[in-house]
Amino acid sequence: MRTIGHWIGGRPSTGSATRHAPVFDPATGAEQARVVLGEAADVDLAVRAAAKAFESWGTASLTSRTRVMFRFRDLVERHLDELAELVAAEHGKVVDDARGEVVRGMEVAEYACGLAELLKGEYSQQASTGVDVFSVREPLGVCAGVSPFNFPVMVPMWMHPVAIACGNTFVLKPSERDPSASIRIAELYAEAGLPEGVFNVVQGDRVTVDALLDHPGVAAVSFVGSTPVARHVHERAGRSGKRVQALGGAKNHAVVLPDADLDFAADQIAGAAYGSAGQRCMAISAVVAVGDAAGPLVERLAERARAIKVGPGRDPGSEMGPVVTHASRERITAIIEGADGVLVDGRDVAVPGHPDGFFVGPTLVDGVTPGMEVYTEEVFGPVLAVLRAETLDDAIEVINANPYGNGTAIFTNSGEAAQTFRRRVHVGMIGVNVPIPVPMAYHSFGGWKDSLFGDTHVHGPEGVRFYTRAKVTTTRWPRSTPAGHTSLSFPTSA
Ligand code: NAD
170 MRTIGHWIGG RPSTGSATRH APVFDPATGA EQARVVLGEA ADVDLAVRAA
220 AKAFESWGTA SLTSRTRVMF RFRDLVERHL DELAELVAAE HGKVVDDARG
270 EVVRGMEVAE YACGLAELLK GEYSQQASTG VDVFSVREPL GVCAGVSPFN
320 FPVMVPMWMH PVAIACGNTF VLKPSERDPS ASIRIAELYA EAGLPEGVFN
370 VVQGDRVTVD ALLDHPGVAA VSFVGSTPVA RHVHERAGRS GKRVQALGGA
420 KNHAVVLPDA DLDFAADQIA GAAYGSAGQR CMAISAVVAV GDAAGPLVER
470 LAERARAIKV GPGRDPGSEM GPVVTHASRE RITAIIEGAD GVLVDGRDVA
520 VPGHPDGFFV GPTLVDGVTP GMEVYTEEVF GPVLAVLRAE TLDDAIEVIN
570 ANPYGNGTAI FTNSGEAAQT FRRRVHVGMI GVNVPIPVPM AYHSFGGWKD
620 SLFGDTHVHG PEGVRFYTRA KVTTTRWPRS TPAGHTSLSF PTSA
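Using this note's numbering, the first residue of the sequence shown is number 170, and each one after it goes up by one.
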């Protein structure tokens, strides 16, 4: 059985290797490898390696850091297909979809290549007579990232290219479900010329995460995962004085108004609900159909759900792969079992030759109300719930009453309705006729309410702020100072 280990101080390592977790092929249900689960001692080794590397990387010239980032970005592009295959093999998503996630991750590396521009700082000349003031942003030190299973390349890349470009060093704790891609990324960084110890990977579970959260050598923690764990990470890392951003779960609604192009809306929503088997933090899992839109929209959604080809992610004929684990499959099918109004039922999907794969077919549930489990739970599977509302105001009320606030979308041909929606929803990322409004790398990504704990979103300008702290210098070069002019008053400008 293949063992997937850590990457510490520029080389592979199995560390103390006392505990392991299975890594499955979700399409067959078979265990294909095992991953080591890091202990506090492994975390300590990685943090020490990162702290040592920070001594030189934190002050390396902008030019040398920029060149490493450019080479890394090119290597990711050159190995795009290989990375996508790795993701598909352990996560289960279809290869084309995996390719999309690698490209979106690479775009963050592209943004990070502009580090010299991003870190330029601000200068005020003659702030007072003969006094100049300038602000720079300096790196924090060792930063840690903890990522979920659903985007094993993209989500860590929301973090490490920005952190490293800003002069920090990094310890990543990937998901134990699909750990291989992070090791490949570490190899590509090494090939790009990143000094050893700047990027480290410690595999593991909650024990490993808690060791990172408690380690005094870690300055900042970026977390992406489910809401209960995000809350825990925020509290525990905050308690030990770390800077922390913790992105949580989601329930993303699409509102469809009667004036929308319903064929277009149904195509877009079906893609956003069932793509990656619904295991995206920005997946649409609830539709709020307004007024007369409901009947014809549900008909179109059901038609599309029934037509989706379910199969192994590495089979080019598949449009939707399995979910990530047997336990996920069990949890999702139990929620479908308990729901009234199931129009398309994915529980009985059969994939020839893959009787033990973790497959659940596209599922559509109509007539859902906010108290039902299929609505209150973040199902994180290919299950779309349809709610009905009389007016746009009612639809906005449903969204604002939901504890999550990650993403949402509206389908309409009315600019006025879109503007009202955009201004009034309590959600961090909004799409207008765009079902998955993941911001480009040069904007920042993040939700509101239970979808994010902490102050800053990830990547883009907020990412740069998160991974740096301000230093402001006030300077004066007096030519000749007459003696005996000591003033005890608070200095003001003149
Ligand atoms: P998860 O919360 O179970 O795990 C995330 C990470 O935390 C993993 O690395 C895991 O090893 C670790 N972890 C798990 N339990 C822990 C604990 N008790 N203490 C400390 N660490 C722990 O999430 P998942 O199942 O891997 O991913 C799916 C979840 O992630 C969904 O809720 C999804 O909405 C969310 N997600 C959110 C975003 C976003 O941008 N807001 C993006 C992607 C995924």
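For each residue, glycine too, the CB sits at the ideal point set by N, CA and C.
Confirm the yes/no value for this check: CB of residue i, any heavy atom of the ligand NAD, distance under 7 Å.
i    : result
D374 : yes
K342 : yes
L553 : no
E345 : yes
G480 : no
N369 : no
V324 : yes
A190 : no
D379 : yes
A455 : no
E499 : no
A496 : no
S620 : yes
H401 : yes
C450 : yes
P317 : yes
G398 : With the sequence shown as reference, residue 398 is identified as Val, and Gly is not the correct amino acid for it. Result yes, Cβ under 7 Å from the ligand NAD.
L416 : yes
V393 : yes
F320 : yes
E547 : yes
G616 : yes
N575 : yes
A419 : yes
Since residue i is in the alpha helix (DSSP H), which residue starts that stretch and which ends it?
i    : result
V324 : 323 to 334
P397 : 396 to 408
Q201 : From DSSP, Q201 is part of no alpha helix (DSSP H) but of the beta strand (DSSP E) over 199 to 206.
V277 : 264 to 281
G464 : 463 to 476
G632 : 629 to 635
V669 : Residue 669 is absent from the structure shown; the chain starts at 170 and stops at 663.
Y544 : 542 to 545
G507 : 495 to 507
G584 : 584 to 593
R449 : Premise fails: R449 is in no alpha helix (DSSP H) and is neither H nor E.
T377 : 375 to 383
R353 : 349 to 361
Under 7 Å Cβ to Cβ from residue i, same chain only, skipping five residues before and after it: list those, please.
i    : result
E360 : L244
R118 : Residue 118 cannot be examined here, being either before or after the span of the chain that is shown, 170 to 663.
V459 : V424, V425, L426, P427, A558, T560, L561, A564
P630 : S613
F528 : V479, P491, V518, V520
A209 : A380
A190 : R203, V204, L206, E345, D374
P133 : The structure shown does not extend to residue 133, since the chain is modelled only from 170 to 663, so the question has no answer here.
L287 : V633
A350 : L252, L255, V256, P321, V322
Skipping 5 residues on each side, what residues in its chain have a beta carbon closer than 8 Å to that of residue i?
i    : result
F339 : A219, V311, C312, A313, G314, M328, H329, A332, I333, V367, F368, N369
M170 : E200, A202, R203
T625 : Q414, S613, G615, E631, G632, R634, F635
V537 : A455, A508, G510, V543, Y544, A554, V555, L556
Whose CA, out of the options, lies closest to the CA of residue i?
i    : options                : result
R473 : V511, G482, P531       : P531
V633 : Y358, T396, P647, C282 : C282
D266 : G274, A253, E259       : A253
A423 : A285, R400, I599       : I599
S409 : L382, F590, L416       : L382
A429 : P397, F303, N582, H248 : N582
I453 : H654, I568, P524       : I568
A476 : G440, T502, Q448, A462 : G440
L623 : F659, R405, A471       : Note on residue identity: the sequence assigns Gly, not Leu, to residue 623. Of the candidates F659, R405, A471, the one whose C-alpha sits nearest the C-alpha of G623 is R405.
L621 : V398, F590, T502       : V398
S669 : P572, P604, T644       : This structure gives no information on residue 669, because the portion of the chain shown stretches from 170 to 663.
L533 : R516, D525, Y573       : R516
Y292 : S304, G464, G274, A285 : S304
What span of residues does the beta strand (DSSP E) with residue i cover, start to end?
i    : result
I173 : 171 to 173
V216 : Not the beta strand (DSSP E): V216 falls in the alpha helix (DSSP H), residues 209 to 226.
I438 : No beta strand (DSSP E) contains I438, which is instead part of the alpha helix (DSSP H) from 431 to 443.
T232 : Segment 231 to 247 is the alpha helix (DSSP H) holding T232; no beta strand (DSSP E) there.
Y162 : Any property of residue 162 remains undetermined from this structure, which presents the chain solely from 170 to 663.
Leaving aside the five residues before and after residue i along the sequence, list all residues of the same chain whose C-beta is less than 6 Å from its C-beta, in chain order.
i    : result
R188 : L206
K262 : S445, G482, G490
E276 : A610
D301 : Q294, T644
* Asked: Within the chosen definition, does the stretch 488 to 497 reach the stretch 194 to 204 through at least 3 CB pairs nearer than 8 Å?
  -> The stretch 488 to 497, when compared against the stretch 194 to 204, does touch it at the 8 Å Cβ threshold.
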